[in-house]
Amino acid sequence: MSVTVLLLVGYTVGLLVGDPGTFDPLMDGWLCIATELAAVALCVSASVRSGFAEPQVLLGTGAIVTYSAGDAYYAASLDGAAALTYASVADVAYLAFYPLMLGALGVVMVRKLKGLAWPLLLDSIVGALGAASLMALILAPVLRTGTAGGTPFEVIVAVVYPLLDLLLITAVGGVLASRGLDIGPRWPLLVAGLIIFSAADVAYALGMEDYSVGSIIDVGWVAGIVAIAAWVDGAANPARASHRTTHGVPELAAPVVSTATALAVLVVGSQLRIPVLAVVFAACTLALAAVPLAFRNRMLVTLARTDELTGLPNRRALIADVPVRLLAGRTGALFLLDLDRFKHVNDALGHDVGDALLVQVGKRFAARLQPGDMLARLGGDEFAVFLEGVTEEQAVATAQSLAAELADPVELGAATLQVSASVGIALTPEHGTDMSLLMRKADIAMFCAKSERSGHHVYDASDDDDGALRLRTVQELRVALAEDQFELHYQPKVRLSDGEVTGVEALVRWNHPTRGLLLPVAFLPLAEEAGLMPALSTIVLQRAVRRVARWRAEGLDVSVAVNMSGSCILACLPHEIARLLEAHGVPSSCIMLEITEDVLMSSPTGTSAILAELRSTGVQIAIDDFGTGYSSLAYLRDLPVDELKLDRSFVTAMKDDQRAVGLVGSIIDLAHSLGLRVVAEGVEDERSRDELLARDCDFAQGFLIAGPLPAGAVSPWLSERRVGAGRA
-9 MSVTVLLLVG YTVGLLVGDP GTFDPLMDGW LCIATELAAV ALCVSASVRS GFAEPQVLLG
51 TGAIVTYSAG DAYYAASLDG AAALTYASVA DVAYLAFYPL MLGALGVVMV RKLKGLAWPL
111 LLDSIVGALG AASLMALILA PVLRTGTAGG TPFEVIVAVV YPLLDLLLIT AVGGVLASRG
171 LDIGPRWPLL VAGLIIFSAA DVAYALGMED YSVGSIIDVG WVAGIVAIAA WVDGAANPAR
231 ASHRTTHGVP ELAAPVVSTA TALAVLVVGS QLRIPVLAVV FAACTLALAA VPLAFRNRML
291 VTLARTDELT GLPNRRALIA DVPVRLLAGR TGALFLLDLD RFKHVNDALG HDVGDALLVQ
351 VGKRFAARLQ PGDMLARLGG DEFAVFLEGV TEEQAVATAQ SLAAELADPV ELGAATLQVS
411 ASVGIALTPE HGTDMSLLMR KADIAMFCAK SERSGHHVYD ASDDDDGALR LRTVQELRVA
471 LAEDQFELHY QPKVRLSDGE VTGVEALVRW NHPTRGLLLP VAFLPLAEEA GLMPALSTIV
531 LQRAVRRVAR WRAEGLDVSV AVNMSGSCIL ACLPHEIARL LEAHGVPSSC IMLEITEDVL
591 MSSPTGTSAI LAELRSTGVQ IAIDDFGTGY SSLAYLRDLP VDELKLDRSF VTAMKDDQRA
651 VGLVGSIIDL AHSLGLRVVA EGVEDERSRD ELLARDCDFA QGFLIAGPLP AGAVSPWLSE
711 RRVGAGRA
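In the numbering used here, the protein residues as written are -9 to 718.
Given below as structure tokens:
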């Protein structure tokens, strides 16, 4: 890219300082062709980089190559002349440039518009006709005489160029005026290039008889080619462009400006003699401009009630239509459906896959409903259904039918996804005849279905208190995350052989402003359901690493373990932890991640790869609550873990059940044979500690040693324990 720009600058400077009336083979010929060949090389490189899989890149490359070939032929045909005085094969190449560029822009439109192409097409045509009317007025001297520097055919060819330029520019304007569309990361360069190109064509058309190679007009053509090539180069990187903010002009700008231009041409025509072609173009502009304006209001109303992604009615349509149906006084049911673990799909596979999944789910739901039923997407992964004239039994049967529709996996390219939904059902008139009341009760029922994992739940009055508390708690959780209302307590872990404290486990607490200090069981399940766990885990990790850094500054060599849910094991996790450790100067060996075995088994390949990457950096991995999830003994050999934490239920059972003692001993032996350390949780009496020590358990954690301690109490506790050990 930089080479192309340098050549363009050198070419421009050479023309400005040279003799405009004399053809310089080096400056006007070779340097011009070299600049265009550099632009060609840039485009070819973009095509190769995109794997020849981006049609707009290929068509743009073809346009640049064709035009440059025409320039090369033109320069070779001069034979010492100042300019060609006749139309040649070069004009064929020049004219081929335009359909190729229009094709490149057309590919972008077809890919992005999703069925809404006709308004853009009309706006583009209106813009093109308005521009054509203005261009016909500007080129009136050329159109009015057939002796302006060439044969009538040559004059027509010269006039067609600027008209085609303006068609390209108005097509770009139509794309930019459409909400949510873009034409590549370097769209301003494309627009600027086409404008410069058009200016050069207009200047040529108005002064054909005085044109000679090496004039400033040539700079306009070459600069336009370079700018368009830069756009093609940027369009070869669609992934990078997808993270860019979309730019555009106001939606009505194209038709308004074009209509104003056409009116101005007609006003001038009423006072002066102008070409008939200009009047025809202006009249056609006004006629076509009326077409989209006549339907635009209806289209906007439809769009306002339609979900852009799925094409289903949206929340606005649901809230407007259902109350009208409720006035009829018939029985009915309102469903709220929320996809289970949808956030995992977005986090693991990306939002594009998540959007495609929502589209497929919407189609499956629609296939199970009757013509009179209403299906809407409320936003995110939440859908709503209203059934009119149904009993409770029929409503439940429909909910089961919708769940059954999701039983088969969803195929999305190379991904095969298994999805399920939780359905909350509110009945009318039993549960109310007000839309907002039905929405609230259906929402409470949906939360019950999700927490019970029952698939569907019909609202009951007994759900109200618990459901309202859950909904309120979720809202308060969002506020707590924003205001950082959480704190960490730390439970020590000791080595059984010598009693030395080797680490602590970070346990989150919520300092609720009205309910006091809440334990994890009161809010973590809700945080998981609401998709708030990644944000909460980030807070816990940051707090834990800062605390370790402070302890290390005090001379305490203690590692800290942080519990991670499955929704937080993302591909970006290793990078985030590495950045956090580097920022606080904490070695990776001071951090341990504790993951329950059901998380490891639910996606062993993807999760294992992420954990292996973490472990390779020195971060330790532990299986938490071992023995309460899947039967995972067969996986222990391959999982990238360092430590196995035996669930407290095994330790508690050891007091009264010798079989539990034997089972614990077997698990310890198995873990040691695989090179894993074993931590016993819930050690609350000396007998259990002695039994574990006799069976070579490595570490223990529980109230016999210490309960969870506030952060400020850990250092004094450790100091006191060390003093006690020294006296002993």
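By construction, the Cβ of each residue, glycine as well, lies at the ideal position given by its N, Cα and C atoms. As the structure is a prediction and not an experimental result, all values here were calculated from the model.
Check each candidate in W541, F325, D647 and name the one with the smallest Cα separation from Y449. Locating residue 449 in the sequence shown gives position 459, counting from the first residue. Per the Cα distances, F325.
DSSP three-state call for I264: helix, strand or coil? Mapped onto the sequence shown, residue 264 falls at position 274. Note: I264 maps to coil in three-state DSSP.
3 or more residues per run - each beta strand (DSSP E) lying fully within the region 321 to 367: 322 to 329
In the DSSP assignment, what residue or residues form a beta bridge with M644? As a first step, residue 644 must be located in the sequence shown, where it is residue number 654. DSSP output for M644 lists no bridge partner at all.
With a cut-off of 8 Å on the beta carbons, I'd call V552 and L583 a contact; round off their distance for me. Taking the sequence shown and counting its residues from 1, one reaches residue 552 at position 562. Taking the sequence shown and counting its residues from 1, one reaches residue 583 at position 593. The Cβ separation is near 6 Å, so the contact holds.
Just to confirm the assignment, what range does the beta strand (DSSP E) spanning A416 have? For the purposes of this step, residue 416 is identified with residue 426 of the sequence shown, where counting begins at 1. First-last of the beta strand (DSSP E) with A416: 411 to 418.
Applying the criterion that 16 or more other CB atoms from any shown protein chain within 10 Å of the CB defines a buried residue, is R230 buried or exposed? Taking the sequence shown and counting its residues from 1, the one referred to as residue 230 is at position 240. Its pLDDT being 46, under 50, R230 is placed unreliably in this model, and the value from its coordinates should be taken loosely. Answer is exposed; the Cβ neighbour count stays below 16.
If we call anything under 8 Å between Cβ atoms a contact, is S205 one with G120? Position 215 of the sequence shown, counted from the first residue, corresponds to residue 205. Position 130 of the sequence shown, counted from the first residue, corresponds to residue 120. Going by C-beta atoms, S205 is not nearer than 8 Å to G120.
For the alpha helix (DSSP H) that contains I567, what are its first and last residues? Here the question's residue 567 lines up with position 577 in the sequence shown. Run containing I567: 563 to 574, per the alpha helix (DSSP H) assignment.
Pull up the distance between the alpha-carbon of V651 and that of C687, whole angstroms please. The residue given as residue 651 occupies position 661 in the sequence shown. The residue given as residue 687 occupies position 697 in the sequence shown. Roughly 12 Å between the two C-alpha positions.
Can you tell me whether L171 is buried or exposed, with buried defined as 16 or more other CB within 10 angstroms of its CB? Position 181 of the sequence shown holds residue 171. Confidence at L171 is low in this model, with a pLDDT of 49, below 50, so the placement of that residue should be treated as unreliable; the coordinate-derived value is given next. L171 should be labelled buried.
Leaving aside the five residues before and after A525 along the sequence, list all residues of the same chain whose C-beta is less than 6 Å from its C-beta, in chain order. Translated into the one-based positions of the sequence shown, residue 525 becomes position 535. L471.
Give me whichever residues DSSP pairs with R485 in a beta bridge. For the purposes of this step, residue 485 is identified with residue 495 of the sequence shown, where counting begins at 1. Paired residues: F689.
Residues near H574 in its chain [Cβ-Cβ closer than 7 Å; skip 5 each side]: Counting from 1 along the sequence shown, the entry for residue 574 is found at position 584. Around H574: V535, R536, A539.
What is the DSSP secondary structure of L516, counted as helix, strand or coil? Along the sequence shown, one-based indexing puts residue 516 at 526. L516: helix per DSSP, three-state reduction.
State buried or exposed for E382, treating a residue as buried only when at least 16 other CB atoms are found within 10 Å of its CB. Here residue 382 corresponds to residue number 392 of the sequence shown, with the count starting at 1. Its Cβ having fewer than 16 others within 10 Å, E382 is exposed.
Just mark R367 as buried or exposed, buried being the case when its beta carbon has 16 or more other beta carbons within 10 Å. The residue given as residue 367 occupies position 377 in the sequence shown. Buried.
For L508, which three-state DSSP category applies? The sequence position of residue 508 within the sequence shown is 518, counting from 1. Looking at L508 - three-state DSSP - the assignment turns out to be strand.
Whole-number beta carbon distance between I207 and A190, since they are thought to touch under 8 Å: Here residue 190 is taken as the residue at index 200 of the sequence shown, counted from 1. Here residue 207 is taken as the residue at index 217 of the sequence shown, counted from 1. Going by Cβ atoms, the distance from A190 to I207 rounds to 5 Å, so yes, they are a contact pair.
Considering only DSSP beta bridges, list what L402 is partnered with. If you number the sequence shown from 1, residue 402 lands on position 412. A405.
Using the Cα positions of R569 and I559, report the straight-line distance between them to the nearest angstrom. Locating residue 569 in the sequence shown gives position 579, counting from the first residue. Locating residue 559 in the sequence shown gives position 569, counting from the first residue. Each residue's alpha carbon lies about 16 Å from the other.
Name the two residues that bound the continuous alpha helix (DSSP H) containing G214. Here residue 214 refers to the residue found at position 224 when the sequence shown is read from its first residue. Looking at the DSSP string, the run of the alpha helix (DSSP H) that includes G214 is 206 to 225.
Assign C562 to buried or exposed, taking buried as 16 or more other Cβ atoms, counted over all protein chains shown, within 10 Å of its Cβ. If you number the sequence shown from 1, residue 562 lands on position 572. So C562 ends up on the exposed side.
Given a cut-off of 8 Å, decide if L636 and I611 are closer than it, judged by their beta-carbon atoms. On the sequence shown, position 621 is the one that residue 611 refers to. On the sequence shown, position 646 is the one that residue 636 refers to. Contact flag unset, no.
Do you know how far the Cα of R331 is from the Cα of L(-4)? Here the question's residue -4 lines up with position 6 in the sequence shown. Here the question's residue 331 lines up with position 341 in the sequence shown. Cα-Cα distance, rounded: 53 Å.
Any idea what DSSP makes of A703, helix, strand or coil? Numbered from its first residue, the sequence shown carries residue 703 at position 713. A703 falls in the helix class under three-state DSSP.
Measure how close the beta-carbons of K440 and A416 come, nearest whole angstrom, since I'm counting them as under 8 Å. Position 450 of the sequence shown, counted from the first residue, corresponds to residue 440. Position 426 of the sequence shown, counted from the first residue, corresponds to residue 416. Rounded, the Cβ-Cβ distance is 15 Å, inconsistent with contact.
What do you get for Q408, buried or exposed, if any count of 16 or more other CB atoms within 10 angstroms of its CB means buried? Start at 1 with the first residue of the sequence shown, and residue 408 comes out as number 418. Exposed, by the Cβ-count rule.
Can you look up T423 in the DSSP assignment and give me helix, strand or coil? Residue 423 sits at position 433 when you count from the first residue of the sequence shown. Residue state, collapsed to three classes: coil.
With 16 other CB atoms within 10 Å as the buried threshold, where does G702 fall? Here residue 702 is taken as the residue at index 712 of the sequence shown, counted from 1. Exposed, by the Cβ-count rule.
Span of the alpha helix (DSSP H), counted from its first residue to its last, around I186: Here residue 186 refers to the residue found at position 196 when the sequence shown is read from its first residue. Start and end: 177 to 196.
Assuming A385 and A435 form a contact by the criterion Cβ under 8 Å, report the distance between their Cβ atoms to the nearest whole angstrom. As a working note, residue 385 is residue 395 in the sequence shown. As a working note, residue 435 is residue 445 in the sequence shown. The Cβ separation is near 11 Å, so there is no contact.
Less than 8 Å between the beta carbons of E633 and V669, yes or no? Position 643 of the sequence shown, counted from the start, is the residue given in the question as residue 633. Position 679 of the sequence shown, counted from the start, is the residue given in the question as residue 669. Yes.
Starting from P498, trace the beta strand (DSSP E) both ways and give me its first and last residue. Along the sequence shown, read from residue 1 onward, the residue named residue 498 stands at position 508. A small correction: the amino acid at residue 498 is Val; Pro does not occupy that position in the sequence shown. Element bounds for V498: 491 to 502.
Where the alpha helix (DSSP H) containing A670 begins and where it ends: Locating residue 670 in the sequence shown gives position 680, where the first residue counts as 1. That residue, A670, is in no alpha helix (DSSP H); its beta strand (DSSP E) goes 667 to 671.
State the Cα-Cα distance for the pair L276 and L256, rounded to the nearest angstrom. As a position in the sequence shown, residue 276 is number 286, starting the count at 1. As a position in the sequence shown, residue 256 is number 266, starting the count at 1. Going from the Cα of L276 to the Cα of L256 covers about 10 Å.
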